[in-house]
């Protein structure tokens, strides 16, 4: 970590509010990228990203004193963002289930889109319904599908981000699509 960053973090930890904006300038790009990844399928994506970043900074400034090793600040900040986004997504899923969940009966077209690999071409309502089903999959598979279809990551980029081989990414994509197709079929039958 850069020494200047450590100095800014130390000053914020001491309660020096002059350094708050400098710290935010340094780490906002990272936070926006993380929020964009975790909230990419959100109905109101950009507003949710802004809200997530703002909430994270509120938590950071409130709890920075519990951070013992300031060299771990970026990791700590990333964890706060991940948890914030996961909480927001849980609230979104609950909202969708209560208010706008699409009736999946007679929606065989969704199965065709899964088979044809056209998840990124869903309209917003279908996308929200598909996300609720995606969130029921094991995280390793739902993340691969989200990265590939909703974040438009290339296979090579997914492999790099996850630290796995490209062939493993392809295999997981096939398996994840199959799992998703089965879940949607079950929902259609019920």
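Numbering (my numbering), first residue to last: 744 to 933. Glycine included, each C-beta is placed from N, C-alpha and C at the ideal position. Just so we're clear, the structure is a prediction, and the values are computed from it rather than from any experiment.
Helix, strand or coil at residue 879 according to DSSP, with G and I counted as helix:
As a working mapping, residue 879 is identified with position 136 in the chain shown. Looking at residue 879 - three-state DSSP - the assignment turns out to be coil, as it is neither helix nor strand.
Taking all protein chains shown into account, decide if residue 777 is buried (16 or more other Cβ within 10 angstroms of its Cβ) or exposed.
Here residue 777 corresponds to residue number 34 of the chain shown, with the count starting at 1. Per the 10 Å Cβ criterion, buried.
On the three-pair Cβ rule with 8 Å, is the stretch 813-832 touching the stretch 792-801?
Two segments are said to touch when three or more pairs of C-beta atoms, one from each, lie closer than 8 Å; by this definition the stretch 813-832 touches the stretch 792-801.
Here's the rule I'm using: 16 or more other beta-carbon atoms within 10 Å means buried, otherwise exposed. How should residue 922 be labelled?
As a first step, residue 922 must be located in the chain shown, where it is residue number 179. Within 10 angstroms of the beta-carbon of residue 922 lie 16 or more other beta-carbons, which makes it buried.
Return yes when the Cβ of residue 766 is within less than 8 Å of the Cβ of residue 751, no when it is not.
Here residue 751 refers to the residue found at position 8 when the chain shown is read from its first residue. Here residue 766 refers to the residue found at position 23 when the chain shown is read from its first residue. Yes; because the gap between Cβ atoms is below 8 Å, this pair is in contact.
Alpha carbon to alpha carbon, how far is residue 878 from residue 800?
Position 135 of the chain shown, counted from the start, is the residue given in the question as residue 878. Position 57 of the chain shown, counted from the start, is the residue given in the question as residue 800. Rounded to whole angstroms, residue 878 to residue 800 spans 27 Å at the Cα level.
Taking all protein chains shown into account, decide if residue 920 is buried (16 or more other Cβ within 10 angstroms of its Cβ) or exposed.
Reading the chain shown from its first residue, position 177 is the one you call residue 920. By the 16-neighbour rule on beta-carbons within 10 angstroms, residue 920 is buried.
Three-way DSSP call (helix, strand, coil) for residue 779 in this model:
Along the chain shown, read from residue 1 onward, the residue named residue 779 stands at position 36. DSSP places residue 779 in helix when its eight states are reduced to three.
Do you know how far the Cα of residue 834 is from the Cα of residue 828?
The residue labelled residue 828 in the question sits at position 85 within the chain shown. The residue labelled residue 834 in the question sits at position 91 within the chain shown. Each residue's alpha carbon lies about 10 Å from the other.
Using alpha carbons as the reference points, say which of 929, 810, 894, 881 lies closest to residue 915.
For the purposes of this step, residue 915 is taken as the residue at position 172 of the chain shown. The candidate whose alpha carbon is nearest that of residue 915 is 881.
Under three-state DSSP, which class holds residue 936?
In the structure as shown, the chain starts at 744 and stops at 933, and residue 936 therefore has no counterpart that could be examined.
Since residue 901 is in the alpha helix (DSSP H), which residue starts that stretch and which ends it?
Looking up residue 901 in the chain shown gives position 158. Per DSSP, residue 901 belongs to the alpha helix (DSSP H) from 898-905.
To which residues of the same chain is residue 768 closer than 6 Å at the C-beta, ignoring the five residues directly before and after it?
Position 25 of the chain shown, counted from the start, is the residue given in the question as residue 768. Within the same chain, residue 768 has no close Cβ partners at all.
Determine the extent of the alpha helix (DSSP H) in which residue 745 is found, giving its start and end residues.
Your numbering for residue 745 matches position 2 in the chain shown. Element bounds for residue 745: n/a, residue is neither H nor E.
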